[in-house]
Structure formats: structure tokens, C-alpha cells
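Heads up: the sequence shown runs through residues 1 to 295, numbered per UniProt numbering. No residue lacks a Cβ here, since even glycine has one placed at the ideal position from N, Cα and C. Please read these numbers as outputs of a predicted model, since none were measured by experiment.
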Amino acid sequence: MAMCSSSSSSSSSSSQKTWIIHGILAGTAIAAAIGARAYLTRSSKFRSRVVGIIPARYASSRFEGKPLVQILGKPMIQRTWERSKLATTLDHVVVATDDERIADCCRGFGADVIMTSESCRNGTERCNEALEKLEKKYDVVVNIQGDEPLIEPEIIDGVVKALQVAPDAVFSTAVTSLKPEDGLDPNRVKCVVDNRGYAIYFSRGLIPYNKSGKVNPDFPYMLHLGIQSFDSKFLKVYSELQPTPLQLEEDLEQLKVLENGYKMKVIKVDHEAHGVDTPEDVEKIESLMRERNLS
1 MAMCSSSSSS SSSSSQKTWI IHGILAGTAI AAAIGARAYL TRSSKFRSRV VGIIPARYAS
61 SRFEGKPLVQ ILGKPMIQRT WERSKLATTL DHVVVATDDE RIADCCRGFG ADVIMTSESC
121 RNGTERCNEA LEKLEKKYDV VVNIQGDEPL IEPEIIDGVV KALQVAPDAV FSTAVTSLKP
181 EDGLDPNRVK CVVDNRGYAI YFSRGLIPYN KSGKVNPDFP YMLHLGIQSF DSKFLKVYSE
241 LQPTPLQLEE DLEQLKVLEN GYKMKVIKVD HEAHGVDTPE DVEKIESLMR ERNLS
């Protein structure tokens, strides 16, 4: 009888364990289903509120007063603002500056302006300060370089969407093909990415660098375009991070993101970059605009 009782007890215990296991599995499945539904619901609103910020400063070592330079009758900052307004993903576009001359000019053509501190070390920090001063809250901040007066709205939309579909990334940006003749130009920032489209490194030097020490005309080098998109929560973190060795050596603020282990999504676009780095670039931009009948 004792043996029979023991067997019955063992069978009952085994049965209870089986039901417990089934219960755990069922509970896990239900939780997973609820989680998936919650994620899908959240994903439709994930990083949905987007603001475009154009940081602009008057003092520049290479080209003082650059945002106000006239390009076929309009200040360069105005041309950048007008192109940015055409992007469909942006809910709002503002100019962030520490200079009243730039602010007055921008208000004159209808732009919203946020005054920021002179202590901002780069455009990203200026964007962060502007974000904090905006009344509305945003999920994504697009740092739009004011010296790209021919930036395509589709590229702005592209970097925003890239960040929206990559929850493991806190930053997104764009690259395009680099002309071989620009391979050794330190003003043309190069980029290399991994097989999944995440940034590995940025440099003013030629990357990758081969044994010959010369530009390989057959290699698909990539040129970094200045536009950058940030998760707004990370933007606050970024401003609190200390400058990093590679960032300081290359003078490229995006390297601080990589050096601290964060992921950056990169999209490749077909775009002929026309940034204004020096006064000589203005004439090139104007010639191109005349050729394309752009007013």
C-alpha cells in the first residue's frame, strides 16, 4: 500500500509539474503576443514627432558670416530653410543661432528662430539647446547643415525614416559616392559602413587606405553628407558626454557617438554634394544653379 501510495503521489506530482510547465509556456506565449501587439501599436507612433533644426553661427574660422552669404540673391540660410520645409517628415523647422544678425535675417523671410548660447561647441550641442527651448516635445531631431543650400528634401526624409525603423540606433545620417578627385580633400569627410548599414568610422583622410597610398578609382568610396538625425533622448545624453580622442583629432562630432559604443544607421543616396566650405564654393554653387535653372 505504501508503494502504491508513493506511486500515486509521484504520478500526481509529475502531473502537477506538467501542468505548471504548460502554464508557464502558455503564459509566455500570451505575454509574447501581448508584447508583440504592444510593439506593433507603439511602432506606428515610434519616433513620430520630428523637428528639423538648422544650427547657424556667424563666427567661422574658414568663412566668417557664411550663413548670410548671398547665393543668387538669397542668403544661404534662407535657401537651406526653404529646401528643408519641403521635407514631408518634418513637423517643424527652426533655425538655432547665437547671432542677432542671423536671427534678424531669418525672421525676415519667415523662419522661426531659437537663440542659443555662444558656448555651444558644435551644431549638435546647439540643436540640443534649441530642443530644450522648444515648447513642443519631439522624438527625432534632424540636424540640417546650413551650408548645403541644395539639400534634397528626400534625403532629409530618408535619414528620418532610417532612424524610425532602426530602434537599436540613436543616430542616422547619409552618404553618397565620393569623386576620386576629392579623395584626399580633408574638407570631404569619408565614411565606411558594415554589411548591415551601420557606421564603422568617419575620417577626413582617405578610408579605406590601401598600400599604394593613392586613391583607387575603382573603389566605391563614400562621402558623408552633413545631415544628421538624432533620437531626441540621446541628443541630451550626447551633450553630456565628454569629447573623445578621435572626435578631437579628426574634428568630427559624429565620432563621439561611435567612440561611446552607440549605433549609427547610414543610408546611401544619389546626391552630388554642394556644400559651401570656403568663399570660392559660392561661385561654384551659383554656376550649378544657373545650369539647372534653379532660382
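First and last residue of the uninterrupted beta strand (DSSP E) at residue i
i    : result
N143 : 140–143
I114 : 112–115
S203 : 199–203
A174 : 171–177
A96  : 92–97
I285 : Counting along the chain, I285 falls outside any beta strand (DSSP E), though it belongs to the alpha helix (DSSP H) covering 279–291.
P55  : 50–56
I77  : Segment 76–84 is the alpha helix (DSSP H) holding I77; no beta strand (DSSP E) there.
V265 : Here residue 265 is Lys; the residue named in the question, Val, does not match the sequence. Counting along the chain, the beta strand (DSSP E) containing K265 begins and ends at 264–268.
Q228 : 222–231
Closest residue to residue i among the options (Cα-Cα distance)
i    : options                : result
Q254 : E154, E125, K85, A111  : E125
K256 : N122, D218, P208       : N122
E64  : R47, I155, D99, V94    : D99
E272 : P279, Q242, H92, G226  : G226
Q145 : E135, E118, A174       : A174
L184 : Y198, L206, E283, R196 : L206
S261 : T244, D270, G275       : The sequence given here has Gly at residue 261, not Ser. Looking at the Cα atoms, T244 is the closest of the given residues.
L258 : G213, V193, K66        : V193
Q70  : E283, P167, E291, N195 : E283
Y221 : R107, P208, A59        : P208
S60  : N143, V269, E118       : E118
Where residue i falls, given that 16 or more other Cβ within 10 Å makes a residue buried
i    : result
Q228 : buried
I200 : exposed
Y238 : buried
F219 : exposed
Q242 : exposed
V165 : exposed
F202 : buried
R188 : buried
L248 : exposed
R42  : Because R42 carries a pLDDT of 42, less than 50, the predicted location of this residue cannot be relied on, and the following value inherits that uncertainty. Classification for R42: exposed.
N210 : exposed
L25  : Residue placement at L25 cannot be trusted, given a pLDDT of 41 that sits under 50; the coordinates are not used to answer.
N293 : exposed
E280 : exposed
R47  : buried
G213 : exposed
CB-CB length for residue i against residue j, believed under 8 Å
i    : j    : result
S172 : L223 : The pair is not a contact, with the Cβ atoms about 16 Å apart (cut-off 8 Å).
V266 : Y138 : Not a contact, Cβ separation roughly 22 Å.
V141 : S232 : 5 Å
I151 : L90  : Incorrect: roughly 12 Å between the Cβ atoms, too far for contact.
S287 : L72  : Their Cβ separation, rounded to whole angstroms, is 10 Å, which puts S287 and L72 out of contact at 8 Å.
K263 : A169 : 4 Å
Y58  : R101 : 6 Å
Residue i vs residue j beta-carbon contact at 7 Å
i           : j    : result
residue 297 : A130 : Coverage of the chain is limited to positions 1 through 295, which leaves residue 297 absent and any answer about it impossible.
S84         : V93  : yes
L252        : N128 : no
T116        : A96  : yes
V276        : D182 : no
R79         : T278 : no
P180        : R204 : no
P153        : A56  : no
Boundaries of the alpha helix (DSSP H) in which residue i is found, first to last residue
i    : result
G158 : 153–164
C106 : 100–108
V193 : Unbroken run through V193 is the beta strand (DSSP E), 190–193; no alpha helix (DSSP H).
K133 : 123–133
Contact test: residue i Cβ vs the ligand SAH heavy atom, cutoff 6 Å
i    : result
K214 : Absence of the ligand SAH from the depicted structure is noted, as is the absence of any ligand whatsoever, leaving it without description.
CB contact check: residue i to chain D, cutoff 7 Å
i    : result
A169 : This model lacks chain D altogether; it includes just one protein chain.
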